[in-house]
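Enquirer: One structure, as C-alpha cells, below. Some questions next.
Protein chains in written order, with the numbering used here: chain A, 1 to 328; chain B, 329 to 650.
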C-alpha cells in the first residue's frame, strides 16, 4: 500500500493557491495559500464548514471563478506539468468537461430547464469529440443506462425527473467524456439518505470502472469515511490538517478536526449533551493575525494569537497546521 | 392524567389535478409533557405536513387531535388564539423564516404584541430575558437578520417560539441548515430549554443521528403513514420494518472501521396521489410477498414498539445483514 502511494502518479498539484473576492465594501480572503495534490485514481475529500473556501478551490481548478469579483492572488495548479491558471479561455474549454468535470451541488439548478436531458448530455460529448450525431446519441444513451436511467427518457425534460434522477443526469453529463478528474461539490447534499446511498454506490462503481480521480467536497464526515482515500480539512480558507482517511479518523491531531468529530451526534453515544466547538468561524473579510482557529481553540496559548503556525508533517503524508502539532 | 398531546387517525389530503394527495394518512400517537417525539422520513413523506396539521397551520381532513385532554380538532377562532400560546413551531430555514425588515427584538416581540397582555416596558424586559435564555447577546437587539449567521438566526426563531411560554413545540428540521459545529450548539440549547421548562418537542428531521440523540420515541413515516414507532434506542437496536432497516443502514457513519453494509433500495418514493390500498413500501421492499398488497395494520410487537408490516414476524428469522 505504502509503496503504491510512493509511485502513484500525480495528476494535479495545487501549490500556494490564494483567492480573494474584491467587493465594494471589503476584500474577502476566501482561500489562503492552499497546497494540495491529487494522484491518479485517488479520491480526496475536501471537508469544511460553509464559507471555508472549498467550492472556490474547485471552481478555480476548473477556471470558472467569477472574475471579477474573484481574483487569484498567487499559486499554481499544475496539471501534467502545465499551470492551469495560465491557460487561455480557449485552451481551458478543451479541458473543462473533457478532462476535468464537475458535479454541482444542486441538481435542481444545474440543468437547463428548457432542453431535454439527452440534448444536454450529447452537447458535452459533441463539444469534445469529432463524432456523428448518431454516435453522440448512442453514447448519450449508454451514459444514461450507466447511471441507471432508461435510455427511453432521452427526450424528457429535467422537471420530469425526481431529485435523485436529476443528480444522476448531472453525473452522467460529468462522466460523458470520461474525465480524468471529477470535482464533486456536495453531490448528495440535496438528496435523501436512501437516494444518497444509491448515488454514492453508483459513483463508487463508476470510479472503479473508469479509474477517475475524484475531489469530493462535503461537510459530511460520514460520507468521507466511506468514500475517500485522502482527506483535507479546510478552515477559514486554509488546509488545517490533511492525510489519509486513517490519519484523520484514527489519529486526528488538529484541535479543529478533533472538535468537528466531537460535535457530531453519535449513534452509539450515551452522553446527554453534544460537545460543540464554541464560537464561530472568523469573518473572511477580517481574519485574525495569528492562528485562524485561535478564538475557538480549547488548547490555545498566547503565542497562537501572535503568529500563524506553519504546516508540520507529523507522519509521512499527515500534515497539521498547529504550533502543537504531534504533541498533546 | 391524559397525555399532553394525542393524535388519533389524523389525515390530511390535498386536492390536486390528478386526484387526492394523501400527505398524512391515518397517524396515531400520543406525547407526554417534557418528552420528545422524533419524526423521520424522506422528503415528501408528510412529516412536515403532520406537524403543521397538529398546529392548525393546515386544517385536518379527518381524525382527532387532543391537547391536555381537550378535543382541539376544530377550534373556534378564540380557542385557536389561545392554542397558539400553548403550541409553537420552529421552522427549518432561519434564512427565510424571519422577516428581513424586523430587527431581532421586534421579531421576538411580535408574538407578545399579538397576545396583547403585557405593557410595552414589560414586553421589552421579556424580550431581553428571552435573548439571554437563547444565548443572544443584548447588543444584537437592534440588528437585522441579514447581519447574523445561521446559528444566531435560528436562536431568534427559538426565542420567538418560546416567547409565549408554550408547552409543546414542533421543531421542523431546526438544525439541518446549520454547520455541524453550530448544529451541536443549537441542539444543546434546545435540550437545556426542555429540561428547564418541561417542553414537549415534536422533532421533525431527516437526520437520523440527530434524532436518535434528542428523542425519547421515534416515528418513521413513509408516504404519509407510520411504518414503525419505538423508543429511540430500541428502534436502532431492534429494527423491525424493512424500510426502517434500509433507512438506518444508509446513514453515513463517520468511522472508517465500522462501515455497515448499506441496504440499497431500488427506485424512489411512489406517488402519494391516490395510492393503492395496502403496503405503500411494497414496490421497493426486498421482502415483498403475496400478502403485502393488502392493508397493513399497526401491531405492537413489544411494549411501545409498533410496526406496520405483515411479515415482521417471519422477517425476524431472516438475517438482515445478508
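Where is the CB? At the ideal position from N, CA and C, for every residue including glycine.
Any chance you could list the beta strand (DSSP E) runs of at least 3 consecutive residues sitting entirely within the region 369-421 of chain B, in chain order?
Expert: Entirely contained in the region 369-421 of chain B, the beta strand (DSSP E) runs reaching 3 residues are, in chain order, 390-395 and 415-418.
Enquirer: Quick check: what's the CA-CA separation for residue 442 of chain B versus residue 414 of chain B?
Expert: For the purposes of this step, residue 442 of chain B is taken as residue 114 along the second chain, with counting starting at 1. For the purposes of this step, residue 414 of chain B is taken as residue 86 along the second chain, with counting starting at 1. Rounded to whole angstroms, residue 442 of chain B to residue 414 of chain B spans 14 Å at the Cα level.
Enquirer: Hey, residue 331 of chain A and residue 285 of chain A: beta-carbon distance below 7 Å or not?
Expert: There is no way to answer for residue 331 of chain A, as the model of chain A reaches only from 1 to 328.
Enquirer: Judging by CA-CA distance, which residue of B/623, B/569 and B/573 is the nearest neighbour of residue 641 of chain B?
Expert: The residue given as residue 641 of chain B occupies position 313 in the second chain. Taking only the C-alpha atoms, the option nearest residue 641 of chain B is B/569.
Enquirer: Which parts of the region 540-624 of chain B are runs of the alpha helix (DSSP H), unbroken and 4 residues or longer, counting only runs that do not cross its ends?
Expert: Whole alpha helix (DSSP H) segments, 4+ residues: 560-565 and 570-577.
Enquirer: Can you check which of these residues, B/535, B/613 and B/436, is closest to residue 265 of chain A by C-alpha distance?
Expert: In the first chain, residue 265 of chain A corresponds to position 265, counting from 1. Here the closest residue by C-alpha is B/535.
Enquirer: Can you tell me whether residue 208 of chain A is buried or exposed? The criterion is at least 16 other CB atoms within 10 Å of its CB, across all chains shown.
Expert: Working through the first chain from its first residue, we reach residue 208 of chain A at position 208. Residue 208 of chain A is exposed by the Cβ-count criterion.
Enquirer: So, helix, strand or coil for residue 322 of chain A, using DSSP?
Expert: Here the question's residue 322 of chain A lines up with position 322 in the first chain. Correct three-state label for residue 322 of chain A: coil.
Enquirer: Using alpha carbons as the reference points, say which of B/416, B/537 and B/368 lies closest to residue 384 of chain B.
Expert: As a working mapping, residue 384 of chain B is identified with position 56 in the second chain. When each option's Cα is compared against that of residue 384 of chain B, the closest is B/416.
Enquirer: Quick check on DSSP: helix, strand or coil for residue 96 of chain A?
Expert: Translated into positions along the first chain, residue 96 of chain A becomes position 96. DSSP places residue 96 of chain A in strand when its eight states are reduced to three.
Enquirer: Grouping DSSP H, G and I as helix and E and B as strand, with all else coil, what is residue 479 of chain B?
Expert: To locate residue 479 of chain B, count along the second chain from 1; it is residue 151. Helix at residue 479 of chain B.
Enquirer: Assuming residue 512 of chain B and residue 274 of chain A are in contact, meaning their beta carbons sit under 8 Å apart, how far apart are those beta carbons, in whole angstroms?
Expert: Residue numbering aside, residue 512 of chain B sits at position 184 when the second chain is read from its first letter. Residue numbering aside, residue 274 of chain A sits at position 274 when the first chain is read from its first letter. The Cβ separation is near 4 Å, so the contact holds.
Enquirer: Just how far apart, CA to CA, sit residue 134 of chain A and residue 603 of chain B?
Expert: The sequence position of residue 134 of chain A within the first chain is 134, counting from 1. The sequence position of residue 603 of chain B within the second chain is 275, counting from 1. Roughly 41 Å separates the two Cα atoms.
Enquirer: If you draw a straight line from the C-alpha of residue 61 of chain A to the C-alpha of residue 228 of chain A, how long is it?
Expert: Position 61 of the first chain holds residue 61 of chain A. Position 228 of the first chain holds residue 228 of chain A. Cα-Cα distance, rounded: 19 Å.
Enquirer: Are at least three pairs of beta-carbons, each pair with one atom in the region 446-462 of chain B and one in the region 246-263 of chain A, less than 8 Å apart?
Expert: The region 446-462 of chain B is not in contact with the region 246-263 of chain A.
Enquirer: Could you tell me the alpha carbon to alpha carbon distance between residue 352 of chain B and residue 40 of chain A, rounded to whole angstroms?
Expert: Numbered from 1 along the second chain, position 24 holds the residue referred to as residue 352 of chain B. Numbered from 1 along the first chain, position 40 holds the residue referred to as residue 40 of chain A. Each residue's Cα considered, the two are about 49 Å apart.
Enquirer: Are the beta-carbon atoms belonging to residue 21 of chain A and residue 52 of chain A less than 7 Å from one another?
Expert: Looking up residue 21 of chain A in the first chain gives position 21. Looking up residue 52 of chain A in the first chain gives position 52. Not in contact: residue 21 of chain A and residue 52 of chain A (Cβ atoms no closer than 7 Å).
Enquirer: Tell me, please, whether the CB atom of residue 273 of chain A is closer than 7 Å to any CB atom in chain B?
Expert: In the first chain, counting from the first residue as 1, residue 273 of chain A sits at position 273. Yes - at least one Cβ of chain B is within 7 Å of the one on residue 273 of chain A.
Enquirer: One question on the structure: do residue 213 of chain A and residue 191 of chain A come within less than 7 Å of each other, judged by their Cβ atoms?
Expert: As a first step, residue 213 of chain A is located in the first chain; it is residue number 213 there, counting from the start. As a first step, residue 191 of chain A is located in the first chain; it is residue number 191 there, counting from the start. No, they are not a contact pair.
Enquirer: How about the region 239-251 of chain A and the region 68-84 of chain A: do they share at least three Cβ pairs that are nearer than 8 Å?
Expert: Contact fails: fewer than three Cβ-Cβ distances are below 8 Å.
Enquirer: Assuming residue 564 of chain B and residue 575 of chain B are in contact, meaning their beta carbons sit under 8 Å apart, how far apart are those beta carbons, in whole angstroms?
Expert: Translated into positions along the second chain, residue 564 of chain B becomes position 236. Translated into positions along the second chain, residue 575 of chain B becomes position 247. No, residue 564 of chain B and residue 575 of chain B are not in contact; Cβ-Cβ is about 11 Å, not under 8 Å.
Enquirer: What three-state label does DSSP hand residue 437 of chain B in the structure shown?
Expert: Start at 1 with the first residue of the second chain, and residue 437 of chain B comes out as number 109. In the structure shown, residue 437 of chain B sits in a helix (DSSP, three-state: H, G or I).
Enquirer: Is residue 180 of chain A helix, strand or coil by DSSP?
Expert: Position 180 of the first chain holds residue 180 of chain A. Residue 180 of chain A falls in the coil class under three-state DSSP.
Enquirer: What residues in the region 216-245 of chain A bring their beta carbon closer than 7 Å to a beta carbon of chain B?
Expert: Residues passing the 7 Å Cβ filter: 219, 220, 221, 222, 223, 225, 226 and 245.
Enquirer: Just to make sure I have the definition right: I need the residues of chain B whose C-beta is within less than 7 Å of the C-beta of residue 197 of chain A. Which are they?
Expert: In the first chain, the residue the question calls residue 197 of chain A occupies position 197. What residue 197 of chain A touches in chain B: 578, 590 and 592.
Enquirer: Find out if the Cβ-Cβ distance for the pair residue 263 of chain A, residue 538 of chain B is shorter than 7 Å.
Expert: Position 263 of the first chain, counted from the first residue, corresponds to residue 263 of chain A. Position 210 of the second chain, counted from the first residue, corresponds to residue 538 of chain B. No, they are not a contact pair.
Enquirer: What I want to know is whether the C-beta of residue 310 of chain A ends up closer than 6 Å to one or more non-hydrogen atoms of the ligand ADP.
Expert: No copy of the ligand ADP appears in this structure; indeed no ligand is present at all.
Enquirer: For my contact list, residue 335 of chain A and residue 87 of chain A are in at a C-beta cut-off of 8 Å; report their separation, rounded to the angstrom.
Expert: The displayed coordinates of chain A run from 1 to 328. Any statement about residue 335 of chain A would go beyond what the structure contains.
Enquirer: Which residue or residues does DSSP assign as beta-bridge partners of residue 36 of chain A?
Expert: Position 36 of the first chain holds residue 36 of chain A. In the DSSP output, where bridge partners are listed per residue, residue 36 of chain A has A/14.
Enquirer: Under DSSP, the alpha helix (DSSP H) around residue 120 of chain A begins and ends at which residues?
Expert: Taking the first residue of the first chain as 1, we reach residue 120 of chain A at position 120. Counting along the chain, the alpha helix (DSSP H) containing residue 120 of chain A begins and ends at 117-128.
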